[in-house]
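Residue numbers (this note's numbering): 6 to 348. Heads up, the thing below is written out as structure tokens.
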Ligand SMILES: Cc1ncc(COP(=O)(O)O)c(C=O)c1O
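Set out below in structure tokens:
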């Protein structure tokens, strides 16, 4: 059999047999009437896990980011976000195109925003001709900066700053559980520093679709309306919610393995002549490395010929992501191939 080790993303995970059984067993109802018992159970569970009052099942992480932009910021406001955030690069400018919000791209080491990075972007609220800052958006873990995570202290500093300036915080926690495990901070603690957050069921947790949006009850009630406005009101969607429940109950603690596998890959890459990586940046399941002497597509191609599928993220940058879609033996095989790849 030819080797095929797919390290492009943790979104390639497929529902396991056990997860599919849970989906087949799911009781369903019309979720637009809030009558799907399995969705209601998932929402209750997500609220409990994050320590928020309420939660809403949404179709994707992108929708989970867009809804708070519409509700907490709103048209004509600014959102302060890291220059490499997912909402800047990979959500088709929906913040501007749909929410009517101006994204302000803020600097921040390894994707982490600090009060120091943010303070120069504050606006004089009494000015008649300036927009107002409506929202701070953070990403934890930070995808494009290499899966990096906030510490408790960094989150606390941000919360103090945001409160002082009366600006809400939304957290894109697509990989919230990775961040919690890697930063050794309980999920509830992380979530206590932000007003709203989203996390994905369809990445490392292995579900085929869906994300959870969490926050206080008035926010979630409004989010339910906005979800419908965006065409995201789904009907007997308990089948998908059952996969999410299964992922939350079975696939969180194993994320540690993905982090260890990412470290193994990073170590091997650091020893090659063609890849450059700062090992200290590898905190979770995402690694980015530079290819200073070669164009990234050349290396992507060479790895592809040996059966390792990865993506170029820039002219001289490659990303690898570990997940339950790639078994430990496959990681060992990938390490061997990378070690032996001569360019
Ligand atoms: C950090 C981050 N936020 C949001 C998303 C969006 O998730 P979705 O693809 O479900 O819209 C992703 C997807 O990769 C992501 O990595």
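The beta carbon of each residue, even a glycine, is placed where N, CA and C say it ideally should be. All values derive from a computational prediction rather than experimental measurement.
Quick check on residue i: does DSSP put it in helix, strand or coil?
i, result
"residue 315", "coil"
"residue 2", "Given a span of 6 to 348 for the chain in the structure shown, any question on residue 2 remains unanswerable."
"residue 134", "coil"
"residue 377", "Lying before the first or after the last residue shown, residue 377 is absent from the chain, which here runs from 6 to 348."
"residue 324", "strand"
"residue 98", "coil"
"residue 27", "helix"
"residue 247", "helix"
"residue 205", "strand"
"residue 286", "helix"
"residue 154", "coil"
Could you spell out the range, first to last residue, of the beta strand (DSSP E) harbouring residue i?
i, result
"residue 37", "Here residue 37 belongs to no beta strand (DSSP E), and DSSP marks it neither H nor E."
"residue 175", "174 to 177"
"residue 85", "82 to 87"
"residue 63", "59 to 63"
"residue 295", "291 to 295"
Could you check whether the Cβ of residue i sits closer than 7 Å to any heavy atom belonging to ligand 1?
i, result
"residue 66", "yes"
"residue 205", "yes"
"residue 177", "yes"
"residue 201", "no"
"residue 144", "yes"
"residue 16", "yes"
"residue 216", "yes"
"residue 91", "yes"
"residue 290", "no"
"residue 148", "yes"
"residue 255", "no"
"residue 170", "no"
"residue 70", "yes"
Would you please state the rounded distance, in angstroms, between the beta carbons of residue i and residue j? I believe it to be under 8 Å.
i, j, result
"residue 291", "residue 326", "5 Å"
"residue 61", "residue 218", "5 Å"
"residue 55", "residue 193", "7 Å"
"residue 272", "residue 284", "7 Å"
"residue 69", "residue 106", "Going by Cβ atoms, the distance from residue 69 to residue 106 rounds to 15 Å, so no, they are not a contact pair."
"residue 114", "residue 88", "No, residue 114 and residue 88 are not in contact; Cβ-Cβ is about 11 Å, not under 8 Å."
Following the continuous alpha helix (DSSP H) through residue i, name the residue where it begins and the one where it ends.
i, result
"residue 43", "42 to 55"
"residue 222", "222 to 234"
"residue 331", "Note, residue 331: premise wrong, no alpha helix (DSSP H); not H, not E."
"residue 200", "Careful: residue 200 lies outside any alpha helix (DSSP H) and carries neither H nor E."
"residue 274", "260 to 275"
Give a yes or no on whether 8 Å exceeds the smallest Cβ distance from residue i to chain C.
i, result
"residue 152", "The structure shown contains no chain C; it holds only a single protein chain."
Are the region 136 to 155 and the region 177 to 186 touching, with three or more C-beta to C-beta distances below 8 Å?
yes
Report yes or no: do three or more beta-carbon pairs, one from the region 90 to 106 and one from the region 224 to 232, lie closer than 8 Å?
no
Would you call the region 197 to 205 and the region 163 to 177 in contact, with 3 or more CB pairs under 8 Å?
yes
Cβ contact check for the region 65 to 82 and the region 34 to 49: 3 or more pairs under 8 Å:
no
Could you tell me whether the region 203 to 211 touches the region 160 to 173, where touching means 3 or more Cβ pairs closer than 8 Å?
no
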